[in-house]
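The block underneath contains the structure these notes are about, expressed in C-alpha cells.
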C-alpha cells in the first residue's frame, strides 16, 4: 500500500544522509554553535538578500516546537496570536501556544489564507479593552494547511496592514519550499524576509530527517532568543545534526529542487483529476491537493492507496488529502492516475 | 585540538547511520507510530524485565525536552520537583521546569547524589502548608552531573523512601548507559524500572544523533502522555528517526558496548592522574571525571586539548571536566596521558 | 446620570457593611480559617442539601480569579475547557484561562446557553487525537452572559451528557442568585450542587463588596485546592472579609431577596419595553435585559441614563444592556420607563 | 487568648469602614476607574514627590497577587527574579512566581536584606549563558520578612548596582508603612519611588480590609499593565473598595499614624525583653520582632498569648515572632510585658 498521507513518510534525501555520514567523526561545538550550523545560517542569509547581518537564523527540531518557542518569546502574556480557523497552531498543536500562556484568535477561512479584512475584524472585536487579550502577532502558513499559496500582492498587503496596526507578522513555513516553488508563485525568500518579522523554513517536510530554520528579521525580537530555544527544550546537544542538513539543502538548489519535484507530482495528479471532472476543496498549486471525490471512489482507492479523508462535502462525496514529497516517484503517481482513467 | 569537552562532539555510531540509511526509503507512519519505533520500544521493554506490557516507552528528541515534558505532565501546578543543587533541571535548563509552572526545590550535595535524609529535610521545611509548594517528584540523575553513580542499595533506599512519602521518583538518564556500565555498578535497567516511576534512557550522549527513550512505569502517569509530548513540541513528524536509532542500540548490546567503551577510556585517564598524584572532585566511575589540577598544568593542557574548567578549588588549583564518549579513541587518550608522565 | 451599566456600581448592602463593622475588632485566624468563613461555609452547605460534609466551600475575591483558579486546578495541561462563544472566560477575561495553559474551545450560541449537541460537536472535532487538545471541562454561566437562565431539564440533560462523556461540568455563578430567583426558574441551589462538579455563588454582583463562594462537589477535584487559591493570589490574608459577607447573605434569605429585587426591577423595564413594542436579543428573566431599540431612541436615552450599547442589529437599530441590582430603586426604574410612554 | 500572630487579625481602621459606608450608595465606574480610586492614586502620587504624571498607580487585592502580576508582567520568560532565601516570593507564595513561568534565584541572608554583593554572586553564577536563566529583577521586601529595615544608603547602593547591571529593582511593601515609620528610618516614600522601578504600598497589613497600591515608576514597565491585572484575576469589579480605603489612608497621615502606632508597641515589647536580658534573631525597629526565649518561657506564654514559634535556636531556646498592628492596644502590650517582670 503506497502512502500519499503526508510528506514525512520517508527518511531524508540521500545527499543529506551522505552529508551526515561524511561529517560524522568531526568533533564540533554543541548546541548549534558548530561550523556546519554557522555555514548553513550563512547560506540561508545569502538567499534572503539584503544585509545578511540583519537577520538571525536559528535551527530547531520541528514545527510545533518552532511555533511555540517563537510565539512565546515574541509576545507578552496579554498578547494573542491571530490565525485562520484552520491554522495549525489553533487546531493541530494540542494547545501548544496556549500552554505557553497565549490565546489564539481566529479568522474564518475557506481558502486557508489570512487577509487584512479578516484581521481587521479581530481588531474591531478587541478595541483596546483590558478585559480582552490584545491581538499582536499575525500567523500565516505558506503554503497553507490546505495547500494554497500567498501571492506577492497578498503578502505585501498583509505586511503593510500589520505594520500600520503594529502587529507582528510571523510565517509558519513548514512547507515554504513547496510554496516558493509552486507554479505561478511570485514570492521569493527575500520577499518573505522583507515582509515578515520572523518565519521559518521547513526542513522536515522537504527532505530533511528533521529540522526547521527560524529566521528573525525584526531586531526587537532577536534579543536572548537562544535562551528561549533552550528553555523550551529545542536546543539540541548535537545541533550539528540540523545544521549539516540545512547546509546541504542550501549549498546549491537542493532545497528548491526537492520542493519542485514534490509539487510537480502533486500537480500531475491534480491535472488528471481535473480532466476526470473532479473539483477541489481549494485551488492548490503546492504539494498538497484536496480533490472532492464520490465516497464510492474513495473506498475503492483505499484498497491500494493510503491517504487522509479530509472532510465530508455532502452525503455522497468527501474531500481527500493527497500529499507528495521529494521521495515520491513519478511512476507511482502515474499508476495512481490510472485509477481515474 | 582534541576535545574532551563533552560526549556529543561527534555524530552517531556508524551502525546507527547505516540503520538510518538502510531504512531510508521505507514509508512509515508519522509521529512515532512507525514499526521501528514500536520495535525499539519492544526491545527496550525486553531489557526491563517483568511484564513488558506494564510500561510505556516514548521517544523524544533531547534531555531538557524530556525532563520538562515528563515533569509537567506528572505534576499538578502546586507540586514541586526536588533535586540536588547541581541538578541539571535546576541549573542548566534555563528554567524549563519553572517555565511549565513548577518550582524546583533543592538539596545541597557534594557527590551529586540525592539521599533520603536530604529529601526529608525538604519535606520538613514543607509541612503541608498551602502557603508553600508541595514537594511531589524526586528527580535524580544517574550518572549524576559530576559523574558519580548510584548503588543498588542507595536507589532502593531512595525508592522506598519515596514510596513511603508518596513522592514520585524520576531518573534523568542522559548518561544512564554510562552509569549501568560503570566499574562496580550493581544496578540493572530492570532495577531502574522497578525502583522509579519514570526514567529516560539517553541516546544523544551514547552514540545516537539525537533521542531519548522515556519509560513510564507508574500506571497513574501514563494516561494521555502523548498529548503532552505533542503540546511541548517533542512529537517528531519523522518519529522513526529516533526509533530506528534505539532499535539499533538495543538490537544487541550496542548501547552498553558504547557506554563501556567511553567509561573505560575515562577511567584510563583517571588511573593515570591518580598515579600522578592528583585528586578528584568526587569519585566517578563513569565517562565524566573531574580531576583537580594546578592552574599551571591546566594552562599547559589547554594548548593541545579542549575541556571545561569546572570550578575553582583554591588560589592555585581548579577542577576540570574530562568527558569521553563512544567515539573517543584509545590512542588519543594514551597521548593525553603522556602529558602527565 | 443614573447608571444601568452593571450590577456593581454601588458598594454593599447595608446589612453587609454592618456585619463588617460589628465584627471589626474581633481577632481572627487569617486566610479564610476564621470562624466567620467557617460559619458562612456551613450556611451555604445547608442550602445545598444532601450531606454537607460532601462538598468543599472556598471563598475567593472575584469571578475571573475563581474561574482561572478552579479551571487550572481541575485540568491537566492538555485538557481544554468548552464554553459558548459568548463565554466570559473566552471573551472577557484577557485570556486568563489560556494564561494558565489551557485552551478554551467554543460552541456558537444565540441564547447564551450550552446544550449537549453543541458540546458533542466539539467532541466530534476532537476524536482522541493527541495532536489536538482534549475537551474535558464544560463551563456554563447561569444566568448567562446575556441574561438567560437554564431550566432544570436543560441542566439535567447537560449534566447527564457530561457524565456519560467523562466531562466535568463547572458553572460560573457570578449571577447565580439572579438565575435562581428568576420568574419561572425551576432550579435550586441543591440542583446545581447535584448536577455540577463545581460552581461558584457570586457575591460581588449580588450585594457584597467583593467575594465569590466556590463549591466543589466532585471529590476528585478537592484535594489540595487551597494550594491553588494561594498560588493564584486569591487567598486573602483577611479572608474574614469575604466570610463575614457570605455569612450575612446566607444567615437568612438576604442573598435571594437581593437577587429577587434586582430581577423584579429588570422585568418591570422589560414589560414596559415589550408593551412599547420592542423586541429583545434573547429572552431574559434575570437582572440583565437586552432590548433592541432604534438608534435614535438610544441617543435620546443616553442623555439621562448610562448603559452599554451591546451590539449592532441593523443600520437603524442596536441592542443595549440594562442591568439592575440590589441597589436599584423602583422609583428610578419607573422614571426610566416613562421615557417609553 | 490575645494574638500577636500577625497584623491582619482584625478588620479595618474605623475611619476606613466609615469611608466605605459614607460612599456606599454612590454609583461609580467599575474596575478601578472610579473617582475614589483616581483620587487615591492622586494622593499617593503627591506623597511620592517629583512629577506625579511620571508614575502609574494600580490597586490590587493582596500581596501575593501583586507580586505575581507585577513580576510576570515585567519579565520575559527566560528572565528570573532574585531575592533572599527568606523572600516571601521564594518561600511563602506556593510557587506563584514560578507558576507564571519564572525561576526565583536566591541569596542567603541572616538579616533579611539583599545587598549588591549577594546579587553579584548570582550574576557571577549566570554569566550570560543561555543554558541558565537570566537574572533580571531584584526583589526586596521593606520591612523584610524578619522585620529589618533598609537604610537610605543601602537602598541607594542597591539601586545604583541594579542600574549598572541593567536589573530591575522591585520592592514588596506589604509592610512598607512600618518600615517608613520605624525609629531611625531615613528613607521616604519619595526615595522608594526614586530608587526602584516599581514597588507596592501595603494596605492589608496597615489598617485596610484588603488592598495594595502598586506604583510603577519605570516607563518601560507601564504599558498595558491593566491587561495583566485583569488576566491574573486581580481587577476587582468594585475597584472602588480598595480605592476608597487608600483615599482614606492617604487623605491625611492616617497610613503613617497607623504604622507608627504598630511600631511603637512592638518596640515597647522589645525594650522590655532586652531589659529582661533576651536577645533577638535580628535587629528589628518595625512591627515584627523575633526575640529568642527559653522554651520553658515560650510554653508558659502560650497559655495566654497566641504567636508563632519561628525557629529553633538550640536545644533549649527558640525564636518567636511577635507582631503588632494598628489595632493593638497599649494596655494589652503592657499586660504582656508583665510576663517578663
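Chains as they are written, first to last, in this note's numbering: chain E, 1 to 341; chain P, 1 to 341; chain W, 1 to 341; chain H, 1 to 341.
Every residue, glycine too, gets a C-beta built ideally from N, C-alpha and C.
Note to self: Taking 8 Å as the threshold (beta carbon to beta carbon), is residue 329 (chain P) in contact with chain W?
What the structure shows: Reading the second chain from its first residue, position 329 is the one you call residue 329 (chain P). For residue 329 (chain P), the answer is no, since every Cβ of chain W falls outside 8 Å of its Cβ.
Next item on the list: For residue 8 (chain E), collect the residues of the same chain with a Cβ closer than 7 Å to its Cβ; drop the 5 residues on either side in sequence, then sort them by chain order.
Entry: As a first step, residue 8 (chain E) must be located in the first chain, where it is residue number 8. So the list reads 204, 205, once near-sequence residues are dropped.
Notebook entry, point to check: Identify the residues that DSSP records as bridge partners of residue 318 (chain P): which are they?
Noted result: Stepping through the second chain from its first residue, residue 318 (chain P) is reached at position 318. BP columns for residue 318 (chain P) point to P:293, P:312.
Item checked: Proximal residues to residue 182 (chain E) (C-beta, below 8 Å), its chain only, five neighbours per side dropped -> As a working note, residue 182 (chain E) is residue 182 in the first chain. Answer for residue 182 (chain E): 143, 149, 263, 285, 286, listed in chain order.
Notebook entry, point to check: Which of the three DSSP states, helix, strand or coil, is assigned to residue 133 (chain W)?
Noted result: Position 133 of the third chain, counted from the start, is the residue given in the question as residue 133 (chain W). Residue state, collapsed to three classes: coil.
Check: Are the beta-carbon atoms of residue 155 (chain P) and residue 197 (chain P) separated by less than 8 Å?
Finding: Position 155 of the second chain, counted from the start, is the residue given in the question as residue 155 (chain P). Position 197 of the second chain, counted from the start, is the residue given in the question as residue 197 (chain P). In this structure, residue 197 (chain P) does not lie closer than 8 Å to residue 155 (chain P) by Cβ.
Check: Can you name the residues of chain E whose CB is closer than 7 Å to the CB of residue 130 (chain H)?
Finding: In the fourth chain, counting from the first residue as 1, residue 130 (chain H) sits at position 130. Simply 226, 227, 230.
Checklist line | Assigned exposure category for residue 190 (chain P) - 16 Cβ within 10 Å defines buried | finding: Numbered from 1 along the second chain, position 190 holds the residue referred to as residue 190 (chain P). That one is exposed.
Notebook entry, point to check: When burial is assigned at 16 or more other CB atoms within 10 Å of the CB, is residue 220 (chain E) buried or exposed?
Noted result: Here residue 220 (chain E) corresponds to residue number 220 of the first chain, with the count starting at 1. Residue 220 (chain E) comes out exposed.
Next item on the list: Apply the 10 Å Cβ neighbour rule to residue 159 (chain E) and answer buried if 16 or more other Cβ atoms are within range, or exposed otherwise.
Entry: Taking the first residue of the first chain as position 1, residue 159 (chain E) is located at position 159. Burial call: buried.
Margin query: For residue 3 (chain E), would you say it is in contact with chain H, using Cβ-to-Cβ distances shorter than 8 Å as the test?
Written below: Position 3 of the first chain holds residue 3 (chain E). Residue 3 (chain E) does not count as touching chain H.
Notebook entry, point to check: For residue 101 (chain P) versus residue 147 (chain H), is the C-beta spacing smaller than 8 Å?
Noted result: The residue labelled residue 101 (chain P) in the question sits at position 101 within the second chain. The residue labelled residue 147 (chain H) in the question sits at position 147 within the fourth chain. Not in contact: residue 101 (chain P) and residue 147 (chain H) (Cβ atoms no closer than 8 Å).
Notebook entry, point to check: Could one say the Cβ of residue 72 (chain W) lies closer than 8 Å to chain P's Cβ atoms, at least one of them?
Noted result: Residue numbering aside, residue 72 (chain W) sits at position 72 when the third chain is read from its first letter. Output row for residue 72 (chain W): interface = yes.
Next item on the list: Kindly indicate which residue of W:338, W:81, W:14 has the alpha-carbon position closest to the one of residue 271 (chain W).
Entry: In the third chain, residue 271 (chain W) corresponds to position 271, counting from 1. Checked all of W:338, W:81, W:14; the closest Cα to residue 271 (chain W) is W:338.
Next item on the list: Using only alpha-carbon positions, find the residue among W:138, W:4, W:40 that is nearest to residue 29 (chain H).
Entry: Position 29 of the fourth chain, counted from the start, is the residue given in the question as residue 29 (chain H). Among W:138, W:4, W:40, the Cα nearest to that of residue 29 (chain H) belongs to W:4.
Item checked: Minimum C-alpha distance to residue 116 (chain E) - residue among E:278, E:74, E:83 -> For the purposes of this step, residue 116 (chain E) is taken as residue 116 along the first chain, with counting starting at 1. Checked all of E:278, E:74, E:83; the closest Cα to residue 116 (chain E) is E:83.
Next item on the list: Inspect the beta-carbon positions of residue 134 (chain W) and residue 227 (chain P) and report whether they are closer than 8 Å.
Entry: To locate residue 134 (chain W), count along the third chain from 1; it is residue 134. To locate residue 227 (chain P), count along the second chain from 1; it is residue 227. Yes; because the gap between Cβ atoms is below 8 Å, this pair is in contact.
Next item on the list: Would you mind working out which of E:137, E:50, E:11 sits nearest residue 188 (chain E), comparing C-alpha positions?
Entry: On the first chain, position 188 is the one that residue 188 (chain E) refers to. If we check each option's Cα against that of residue 188 (chain E), E:50 comes out closest.
Notebook entry, point to check: What separation, rounded to the nearest whole angstrom, lies between the Cα atoms of residue 44 (chain H) and residue 207 (chain W)?
Noted result: What you label residue 44 (chain H) is simply residue 44 of the fourth chain in a count that begins at 1. What you label residue 207 (chain W) is simply residue 207 of the third chain in a count that begins at 1. Approximately 29 Å, taken between the alpha carbons.
Note to self: Just to confirm the assignment, what range does the beta strand (DSSP E) spanning residue 215 (chain H) have?
What the structure shows: For the purposes of this step, residue 215 (chain H) is taken as the residue at position 215 of the fourth chain. Counting along the chain, the beta strand (DSSP E) containing residue 215 (chain H) begins and ends at 212-216.
Notebook entry, point to check: Are residue 327 (chain E) and residue 233 (chain P) touching if we call contact CB-CB under 8 Å?
Noted result: As a first step, residue 327 (chain E) is located in the first chain; it is residue number 327 there, counting from the start. As a first step, residue 233 (chain P) is located in the second chain; it is residue number 233 there, counting from the start. Cβ distance not < 8 Å, so residue 327 (chain E) and residue 233 (chain P) don't count as in contact.
Next item on the list: State yes or no: is the beta carbon of residue 222 (chain E) nearer than 8 Å to at least one beta carbon in chain H?
Entry: The sequence position of residue 222 (chain E) within the first chain is 222, counting from 1. Not closer than 8 Å to any Cβ of chain H, the Cβ of residue 222 (chain E) fails to qualify, so no.
Item checked: Assigned exposure category for residue 128 (chain H) - 16 Cβ within 10 Å defines buried -> Within the fourth chain, residue 128 (chain H) is the residue found at index 128, counting from 1. Its Cβ having fewer than 16 others within 10 Å, residue 128 (chain H) is exposed.
Next item on the list: Just tell me which of P:211, P:194, P:136 has its CA closest to the CA of residue 202 (chain P).
Entry: Within the second chain, numbered from 1, the residue matching residue 202 (chain P) stands at position 202. Out of P:211, P:194, P:136, P:211 has the C-alpha closest to the C-alpha of residue 202 (chain P).
Check: Under 8 Å between C-beta atoms, does residue 65 (chain E) make it to chain P?
Finding: Within the first chain, residue 65 (chain E) is the residue found at index 65, counting from 1. At least one chain P Cβ lies under 8 Å of residue 65 (chain E).
Notebook entry, point to check: Can you list, in chain order, the residues of its chain whose CB lies under 7 Å from that of residue 269 (chain P), leaving out five sequence neighbours each side?
Noted result: By one-based count along the second chain, residue 269 (chain P) stands at place 269. Excluding positions up to five away in sequence, the list reads 289, 322, 333, 336, 337.
Margin query: Give me the residue from E:304, E:308, E:237, E:267 with the minimum Cα distance to residue 10 (chain P).
Written below: Along the second chain, one-based indexing puts residue 10 (chain P) at 10. Of E:304, E:308, E:237, E:267, the residue nearest in Cα terms is E:237.
Check: How big is the Cα-Cα spacing for residue 308 (chain P) and residue 291 (chain P)?
Finding: For the purposes of this step, residue 308 (chain P) is identified with residue 308 of the second chain, where counting begins at 1. For the purposes of this step, residue 291 (chain P) is identified with residue 291 of the second chain, where counting begins at 1. Between residue 308 (chain P) and residue 291 (chain P), the C-alpha separation is close to 11 Å.
Notebook entry, point to check: Closest by CA to residue 112 (chain W), which one among W:319, W:67, W:87?
Noted result: Translated into the one-based positions of the third chain, residue 112 (chain W) becomes position 112. Among W:319, W:67, W:87, the Cα nearest to that of residue 112 (chain W) belongs to W:87.
Notebook entry, point to check: Would DSSP call residue 141 (chain E) helix, strand or coil?
Noted result: The sequence position of residue 141 (chain E) within the first chain is 141, counting from 1. In this structure, residue 141 (chain E) counts as strand in the three-state DSSP scheme.
Note to self: Just to confirm the assignment, what range does the alpha helix (DSSP H) spanning residue 201 (chain W) have?
What the structure shows: Translated into the one-based positions of the third chain, residue 201 (chain W) becomes position 201. Per DSSP, residue 201 (chain W) belongs to no alpha helix (DSSP H); it is in the beta strand (DSSP E), 198-202.
Check: With C-beta atoms as the reference, is residue 243 (chain H) less than 8 Å away from residue 40 (chain H)?
Finding: As a position in the fourth chain, residue 243 (chain H) is number 243, starting the count at 1. As a position in the fourth chain, residue 40 (chain H) is number 40, starting the count at 1. Yes, the Cβ-Cβ distance between residue 243 (chain H) and residue 40 (chain H) is below 8 Å.
Checklist line | For residue 13 (chain W), three-class secondary structure by DSSP | finding: Residue 13 (chain W) sits at position 13 when you count from the first residue of the third chain. In this structure, residue 13 (chain W) counts as coil in the three-state DSSP scheme.
Note to self: Please list, in chain order, the chain E residues whose beta carbon lies closer than 9 Å to that of residue 61 (chain P).
What the structure shows: As a first step, residue 61 (chain P) is located in the second chain; it is residue number 61 there, counting from the start. Within chain E, the residues near residue 61 (chain P) are 61, 62, 65, 210, 233, 234, 236.
Next item on the list: Could you check the C-alpha separation between residue 56 (chain H) and residue 177 (chain H) for me, to the nearest Å?
Entry: Position 56 of the fourth chain, counted from the first residue, corresponds to residue 56 (chain H). Position 177 of the fourth chain, counted from the first residue, corresponds to residue 177 (chain H). Rounded to the nearest angstrom, the two C-alpha atoms are 19 Å apart.
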